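Number of protein chains: 4
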Amino acid sequence: MALSGLFTPCARIMAHRALCRGLALTASSALDIRGIYPPITTPFTNQEEVDYEKLEENLQNYNHIPFRGFVVQGSNGEYAYLTSEERVEVVRRVRKAVPTNRLVIAGSGCESTQATIRMTEEMAKFGADAVLVVTPAYYRGRMTSTALIHHYSKQSHGDFSPLYASGSAQQSKSASSFCHDQVADCSPVPVVLYSVPGNTGLDIPVDAIVTLSQHQNIIGIKDSGGDVTRIGLIIHKTKRQGFQVLSGSASFLLAGYSIGAVGGICALANVLGAQLCALESMCLNDQWEEAKELQHRLIEPNAAVTRRFGVPGVKQVMEWYGYHGGPCRSPLLPLTDEEIKELKKAFTANGWL
Amino acid sequence: MALSGLFTPCARIMAHRALCRGLALTASSALDIRGIYPPITTPFTNQEEVDYEKLEENLQNYNHIPFRGFVVQGSNGEYAYLTSEERVEVVRRVRKAVPTNRLVIAGSGCESTQATIRMTEEMAKFGADAVLVVTPAYYRGRMTSTALIHHYSKQSHGDFSPLYASGSAQQSKSASSFCHDQVADCSPVPVVLYSVPGNTGLDIPVDAIVTLSQHQNIIGIKDSGGDVTRIGLIIHKTKRQGFQVLSGSASFLLAGYSIGAVGGICALANVLGAQLCALESMCLNDQWEEAKELQHRLIEPNAAVTRRFGVPGVKQVMEWYGYHGGPCRSPLLPLTDEEIKELKKAFTANGWL
Amino acid sequence: MALSGLFTPCARIMAHRALCRGLALTASSALDIRGIYPPITTPFTNQEEVDYEKLEENLQNYNHIPFRGFVVQGSNGEYAYLTSEERVEVVRRVRKAVPTNRLVIAGSGCESTQATIRMTEEMAKFGADAVLVVTPAYYRGRMTSTALIHHYSKQSHGDFSPLYASGSAQQSKSASSFCHDQVADCSPVPVVLYSVPGNTGLDIPVDAIVTLSQHQNIIGIKDSGGDVTRIGLIIHKTKRQGFQVLSGSASFLLAGYSIGAVGGICALANVLGAQLCALESMCLNDQWEEAKELQHRLIEPNAAVTRRFGVPGVKQVMEWYGYHGGPCRSPLLPLTDEEIKELKKAFTANGWL
Amino acid sequence: MALSGLFTPCARIMAHRALCRGLALTASSALDIRGIYPPITTPFTNQEEVDYEKLEENLQNYNHIPFRGFVVQGSNGEYAYLTSEERVEVVRRVRKAVPTNRLVIAGSGCESTQATIRMTEEMAKFGADAVLVVTPAYYRGRMTSTALIHHYSKQSHGDFSPLYASGSAQQSKSASSFCHDQVADCSPVPVVLYSVPGNTGLDIPVDAIVTLSQHQNIIGIKDSGGDVTRIGLIIHKTKRQGFQVLSGSASFLLAGYSIGAVGGICALANVLGAQLCALESMCLNDQWEEAKELQHRLIEPNAAVTRRFGVPGVKQVMEWYGYHGGPCRSPLLPLTDEEIKELKKAFTANGWL
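Protein chains in written order, with full-length UniProt numbering: chain A, 1 to 353; chain B, 1 to 353; chain C, 1 to 353; chain D, 1 to 353.
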C-alpha cells in the first residue's frame, strides 16, 4: 500500500525529518490513551464507494457514549481494501467530525517501512492524534524481533540504554545514519504498536515490545491476541516506561484490566459501546463482581462480531442498533440468512436484543 | 494404559456398577474443590524406579502450605510413564501420607474408555476424593464433541433435560442400555474434566463441557489452555449447574479469579505454593492491586516450569527449594547447564531466588 | 494496494468491460503455460528505489536458460512493498526486456477485488501475457470457498454447468448483474490462481479451485503449499478442463511432475535456473532415476532460499551467481554473517558452489 | 502403556541385554522391508473384546494379495486402546496366522523408554520380524532431537563417527554406561522409526533421523506426514546407510516412489490392497503414466479412511469388501449414516464400489 505520486517522497521525507526530529522525540510520550475506543467501520455505497456522509452520521450517533476516542482504520475499517487516498481522506473526515476532546488514533500501517512512514505523516497532517501501526506480515518468516524492531525504530536492542532519554547520544547517532529513520523515529505523533495475529498470523515477540517500549515516541500497544499471560508479561516488563497496553477485543476486557491494561479497542464497541464503557467504569471502581456479570454476557456477542463473522458481522449488527453498517467491499461477502440468524442469537441469548 | 489381568474386568465392573449407580449419582456434586493444588511430581531413583519415600517426604514438606489438596498424576506426575500398578500405588501412598482434610484428586485418564473406568475405580478404592480425567487424544481427529461426551457419559446432548436430576427418567434409560455406562456414570467419586491442549493437542469444545456439566457426577474442569475468554464462557454457560472451573496454570490465576474461576491446579505450586495461596487470598479478599503485582512476578517463573522446560524444569527448581525433584523417566532428559541457567534467571529476575 | 487517482476507476472499468467481455471469454484458455519460470526479484538501489537497469541486466543474463517465461511480482518480487505505479512499471520494463517468445506472467493480486481488477487491466495493457492472482488474505477468517470464488468470478458454484462454454446462458446472466464482473470475468488476459499459504496463511480449498477451473479465463494455478496429495487431487478433479498446475517451489518439482503438474514457478530458478530446466527435461523424458538424483540435491538449497531465508536469501545467492541481488526494501533485513554462512553451506554441501 | 507385573522388569532386561548386545548389533540391518503393508485393524466383539478369530480370518483373506507383510498395531490397530497383554497377544496370533515369507512388523512404541523396551522384547519373542516404534509425544514440548535420539539409542549426535560400524569403540562405550541401553540398542529385532504427526502432533526432525539412521539396528522409517520434500531430504541424507523409507499413506505413494521411497504402510491397503500392490509394481517398472492415473483415483478414498473418518472409516469399508471390520473401542464412535454416505461416495466416485 502506498501513497500516490502526488508528492515526491524523498524530498518531503527529508524535509519533514529535519523537522520531526525536533518534534517527535520530545513531549509526545505524555499522551494518555487510557479508555475505550471503537475501531470504526467504513461505510460503503452499493457501488462500494466510501460513503463519507454515513461515516459522519455514525460518529454523531456515538457522541453520547463516553469513548476516549476513535480508532480509524483498524482491521474493522477494512483499511486493507482502501486506496491510499481513501485512507487519508477517511482520517481527515473523522477528525473534522469528532470533538477535539476525543482522540483520533489512525491506522497507518503498510507492508513496507517507507510506505508506512509516508502514510503516518499524511495521517498526522490531517489530524490524527496518534497512529496505530500494525506489524508488517506478508514475509512473516523473516519478521523476526530484529526486523520488527527495525521497522519501527532505527535503534537496535543494545542501543536502548537507561540514558536513552538524555538526547545527546541519540543525536550523534542520528547524524551518522542518514536516511534510516524508521516509523517511530519520524512520526510527528505518538505511535501505538498493533499486534493482531488473527489477521496477520504474527505476534510481535515480547522482547521486541520491551525494546520498543523504550522509544520515546512509542507509547503503547493494542494486543488483539487474547493471551492474558502475554499481556501481563508485557505490562510487567514495561512498567518503568509507562507503556500503555490496550486490550484488542471485548472478550478479555475485564481480564485485561485485572492484569493492568488501561483500556480497550474493541470491535464490539461499534454496537455495545455504552456497555463497554460501563464495564471500564466498573473495573476502575473495583466493582469486580458486577464487572464479571457484565463481561460474561459480552463474550458470545463479541465472538460473533470478531472470529465468527468479522466485519460483515459488525456491520450487520450496526444496522440493528441504528447505525449505518451496509455492505463491505468485495471480496468480503454479506452474511447469509443462516449466519444472520446465528449472529442474532448471540445477542438475544445474552439479553442485548 | 491399562490395569493388569489381576482381576477380571467385566464381572467387577458389573458388580461395582450395580453399587455405584446408587452412590455416584447422589450427593457427589456437593464436593467443594475451590482452592489451590500442586499437581505433584513423581520422584524417581537413579534407576528410574518410583521413590515412594521421597514422595512422602515432599508431601510432609507441603504440610504448612494452605493447599486445598493435591493432584496426583496430572501431567506433572509423569503419569504417561507409569505402569497401571504404579499409578494406583502412587495414589494409595499419597492418600495415606496426606491429612484427611486435604483433598486427593487423582488423574485416572487413559486412552480407552474401558481402561479409564477401571483406573478410576481403582484410584477411588485407594482413597481418591475425586478423579481428574484427561481427554483421550490419540485419535484426535475423531474426538468430536459427541465422542468426548460419550467417553464421559452415556447421556447424549439431547438427554440432558432440565428435569435430569429427577431420577426416574434416568433410571428407565439405564435399564435399557446395559453395560454402556461410561466414565462419569460409573465413577464412585466425582469427576473433574481435564483439558490440556499443550499435551494432548485437543481442547474439549465448550458445547461438550456445557452438556457434561449437567451430569451429576461431573463437578468441574481443569482448563490448562490459558484462554480466559473460553474460561469465561464456560463459567457463564454452566452457572446454573454450580460447575467449578480451576485454572490449569499459575500464569492466568488472577485473570481466572477475575472471571469466576474458583481455584487453580498449577505446576508452579510445587515450588511457590505459599505464594500462590497468597495470591488466591488476595483475589478472594478484593486486594486486586496487590494481586496484580504478585501475579506479574509469577509469569516468567511459571513459563519456565511449564511451556519452556516442563517437568524437568519443575523438578530442578524443587531441588533449589528443598524438595525432592530428581530425575525424570526417559525419554524426558534432565536440563542442560545452559537451560538451568535460564531457568534460574526466570526466578532470580523476579525476586524468588 | 491500489492504483493512484490518475484515472477515474468506474468509467474506465465500464468501458473496458464492454470490450473485454468479447475478448476475455474466447480463446484465452488456449494459452499453454507449461514450463519453468523464475519469479524474478526486484533490484533496489541503496536508497531502496527500484533499479530498473539492474532488473533489465538480470533478464539479459537469463536469456540463455530455456525458461518458458518470467513471473513478475510473485512473492519474490517484493510486490507487497511496491507502490501501484512501481508494480505496473516493473511489468512494462520486463515485457520490453524479454523476447516475445517468453511469457510474462504478472502478479496482479491486491486485497480488494476492485483494486485487483484495475491492477490486472493495467498490467495487461503493458504487456503481461497472463496474470497471477494471489488469494486475498487479510480477512482470512471470512475467505471461505464462496468468497474466494466470488473474488475471481461472478459465477457461483451452481452456475458452472456442463454447458457453460456455450455462451448464450452466460451472456443473459451478465446483462442482469451489472457492474459485478469480478477479476477473471474482466481480465483481458488469462488468469492463473496463486495459493501461497506460507505468506498468506490461506489455502484455496480444492472445491473452490474445481469450480473456478470451469471458468474460461482461469487456466491454471501456482500451488506453493507443497502438499502433493492436494496437488494430485486438483489435477484429478480438473482433468476435463485442461487446467494447468504449476508447482510453486523447486523442492517438489519432481514429485509434482510425477503426479501431473506441468511446470514450476520456483524461487530457486533465479539462481539454479538451468538445473531446474534440466530437471524438467528429465521428467518429461522419463529419466526418473537421474531426475531423482538431481532433485535430491536441490532440496536444501531450495529450503535455504524459501522457508529459511526468503527473499534476502535469494538475493544473496544471486550475487554469488553473477546476477544483481542487492538489498531488499525495509522491513526485510539483509542476512547476518552467520546466516550467510548457513546459506552458503546449503549450496556447497550439495555441490552447487 | 506398560506390561503387567508378570515378570520383574529389571532382572529380565539385564539378562536380555547381555544377550542382545551380541545379537542386535550385527546382521539385522540386512532386513529388506521394501513393499506394501496394510497396518491391520483389530476386530472387536460387540462387548469390545478383541476378536482373535476374526483377526485370523482377515489375514487369510489377505493371503492372495502380494503384500510384503503386515504391520500390527500401527495407529489403525487401535494400539492405544489395547492393554499390554492384548498388544503382545495380537502379535503372537498374527505371527502364527501369517506365512513365514511375509514380514510381521509390530508397533511396540510406548510413552516411556522403559516400557517400549519391554514391549519390544515381548513382541520380538512372539515372532515380530521388526518393530515399528512411534515417537513418544505426550511431553512433546520436551521431545527435542536430543531427547528423541536418546529414546532410541544411547549414542548421541557426536558419537556416530564414520567408523561407527567397527564395533570396538562401541563396546568400550557400552561398558561405561551401565543400564542405559535404549530401545534400538537392546531390541532383538530391527527397529523402524514411526513419525505420525497427525496423531502425535510431533515430527521427528530430519537431523535426528539422520543421526539415528547410522545405528546398526535402525533400518528405516515410516513417515506419515505426507511432506515429500521432507521425505526426499531424508532419503538424500541417509543414502549411505541404506536407510529404507516407507510412505505412511496411500495418497503420496507414487510421489514417494518417484523420490526414492521403497514402499508404503497404508491404511487403504486394508481394503484396496491389490490396487496398491499394482501401483507399486507400476512404479517399479517405470509405468509412470498408468501409475499416475491409478494414484489419482486413490486420493479421495484414502482421505476418507484417514484424515476424514479414521479407523471407524477403515472398518466400515472393510465390511463392504468382505473383511471383518466391526466396532472400534470406545471412545471411537461408529460413523453416522451421513458419514457413511460421504465415505461411500469417496469410493464410488472413483470407481471402487
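Note that CB positions come from ideal geometry on N, CA and C, so glycine has one too. On a predicted model such as this, the values are computed, not experimentally measured, just so you know.
>> So, under 8 Å CB-CB, A346/D and A304/D are touching, yes? Tell me the CB distance rounded to an integer number of Å.
In response: So it is a contact: roughly 4 Å between Cβ atoms.
>> Taking CB distances under 9 Å as the criterion, tell me whether Q295/D reaches chain C.
In response: The beta carbon of Q295/D falls within 9 Å of a beta carbon belonging to chain C, placing the residue at that interface.
>> As a quick exercise: from P136/C, T238/C, G325/C and P331/C, pick the residue whose alpha carbon is nearest that of residue 354/A.
In response: Because chain A is modelled from 1 through 353, residue 354/A falls outside the range shown and cannot be assessed.
>> For G256/B and S75/C, what's the separation of their Cα atoms in angstroms?
In response: When rounded, the distance between both Cα atoms is 43 Å.
> Buried or exposed: N302/B, going by 16 or more other Cβ atoms within 10 Å of its Cβ?
Replying inline: A buried status is given to N302/B, since no fewer than 16 other beta-carbon atoms sit within 10 Å of its beta-carbon.
>> Please list, in chain order, the chain A residues whose beta carbon lies closer than 8 Å to that of Q60/C.
In response: At a C-beta separation below 8 Å, Q60/C has no neighbours in chain A, since its nearest C-beta there lies roughly 28 Å away.
> Is the beta carbon of L246/C less than 9 Å from the beta carbon of G263/C?
Replying inline: At the C-beta level, L246/C and G263/C come within 9 Å of one another.
>> Can you tell me whether E280/B is buried or exposed? The criterion is at least 16 other CB atoms within 10 Å of its CB, across all chains shown.
In response: So E280/B counts as buried.
> Do three or more CB pairs link the region 216-229 of chain B to the region 280-292 of chain A at distances below 8 Å?
Replying inline: Between the region 216-229 of chain B and the region 280-292 of chain A there are fewer than three C-beta pairs closer than 8 Å, too few to call the two in contact.
> What residue range is occupied by the uninterrupted alpha helix (DSSP H) comprising I209/A?
Replying inline: Run containing I209/A: V206 to S213, per the alpha helix (DSSP H) assignment.
> Does the region 78-87 of chain A come close enough to the region 111-123 of chain C that 3 or more CB-CB pairs lie under 8 Å?
Replying inline: Touching, per the Cβ criterion.
> Would you call the region 189-202 of chain D and the region 119-130 of chain D in contact, with 3 or more CB pairs under 8 Å?
Replying inline: The region 189-202 of chain D makes contact with the region 119-130 of chain D; the number of CB pairs closer than 8 Å reaches 3 or more.
> What first and last residue would you give for the alpha helix (DSSP H) that runs through G313/D?
Replying inline: For G313/D, the enclosing alpha helix (DSSP H) starts and ends at G310 to W320.
>> Is there a Cβ of chain C sitting closer than 9 Å to that of residue 377/A, yes or no?
In response: The structure shown has nothing for residue 377/A, since chain A only spans 1 to 353.
>> Does chain D have any CB closer than 9 Å to the CB of P136/B?
In response: Answer yes: the Cβ-Cβ gap between P136/B and chain D drops below 9 Å somewhere.
>> For the region 232-245 of chain A against the region 292-299 of chain B, do three or more pairs of beta-carbon atoms, one drawn from each stretch, fall closer than 8 Å, so that the two count as touching?
In response: Yes: at least three Cβ pairs fall under 8 Å.
> In this structure, does DSSP put S258/B in helix, strand or coil?
Replying inline: In the structure shown, S258/B sits in a helix (DSSP, three-state: H, G or I).
>> One question on the structure: do K54/B and P43/B come within less than 9 Å of each other, judged by their Cβ atoms?
In response: Annotated as proximal: K54/B and P43/B, with beta-carbon spacing under 9 Å.
> Skipping 5 residues on each side, what residues in its chain have a beta carbon closer than 6 Å to that of K237/D?
Replying inline: Only V210 meet the Cβ criterion.
> In the DSSP assignment, what residue or residues form a beta bridge with S247/D?
Replying inline: Residue pairing from DSSP places S247/D in a beta bridge opposite D223/D and G264/D.
> Which value, in whole angstroms, describes the spacing of the CA atoms of F243/C and I221/C?
Replying inline: Roughly 8 Å between the two C-alpha positions.
>> Under 9 Å, Cβ to Cβ, is there at least one residue of chain B near K222/A?
In response: Closer than 9 Å to the CB of K222/A there is not a single CB belonging to chain B.
>> Am I right that L41/B and G325/B are in contact with their C-beta atoms under 8 Å? What's the rounded C-beta distance?
In response: Looking at the sequence provided, one finds Thr at residue 41/B rather than Leu. About 7 Å separates the two Cβ atoms, so the contact holds.
> What does A346/D reach in chain C if we use C-beta pairs closer than 7 Å?
Replying inline: Near A346/D there are no residues of chain C at all, since even the closest Cβ is about 11 Å away, more than 7 Å.
> Tell me which same chain residues have a C-beta within less than 8 Å of the C-beta of G322/C, skipping the five on either side of it?
Replying inline: N61, listed in sequence order.
> Under a three-way DSSP split, which group does G198/C fall into?
Replying inline: In the displayed model, G198/C falls within a helix according to three-state DSSP.
> Where do the N-terminal and C-terminal ends of the alpha helix (DSSP H) with A347/D fall, by residue?
Replying inline: A small correction: the amino acid at residue 347/D is Phe; Ala does not occupy that position in the sequence shown. Start and end: D337 to T348.
> Which whole runs of the alpha helix (DSSP H) in the region 75-117 of chain C are 4 residues long or more, in chain order?
Replying inline: Listed in chain order, they are 84-97.
> How would you list, in chain order, the residues of chain F whose beta-carbon sits under 7 Å from the beta-carbon of T211/C?
Replying inline: As a matter of chain content, chain F is missing from the structure shown, whose protein chains are A, B, C and D.
> To the nearest angstrom, how far is it from the Cα of V314/A to the Cα of R308/A?
Replying inline: In a straight line, the C-alpha of V314/A is about 10 Å away from that of R308/A.
> Just to confirm, does F309/B get its C-beta within under 8 Å of one of the non-hydrogen atoms of the ligand COA?
Replying inline: The ligand COA is not part of the structure shown, which contains no ligands of any sort.
> Among R142/C, M119/C and A30/C, which one has its Cα closest to the Cα of T336/A?
Replying inline: Here the closest residue by C-alpha is R142/C.
> Excluding sequence positions up to five away, which residues of its chain have a Cβ less than 6 Å from the Cβ of D223/B?
Replying inline: S195, I231 and G248.
>> Quick check on the burial criterion: 16 or more other C-beta atoms within 10 angstroms. Buried or exposed for N58/D?
In response: Answer is buried; the Cβ neighbour count reaches 16.
> Excluding sequence positions up to five away, which residues of its chain have a Cβ less than 7 Å from the Cβ of M123/A?
Replying inline: Once the five neighbours on either side are set aside, the close Cβ partners of M123/A are V88, V91, A106, S108 and V131.
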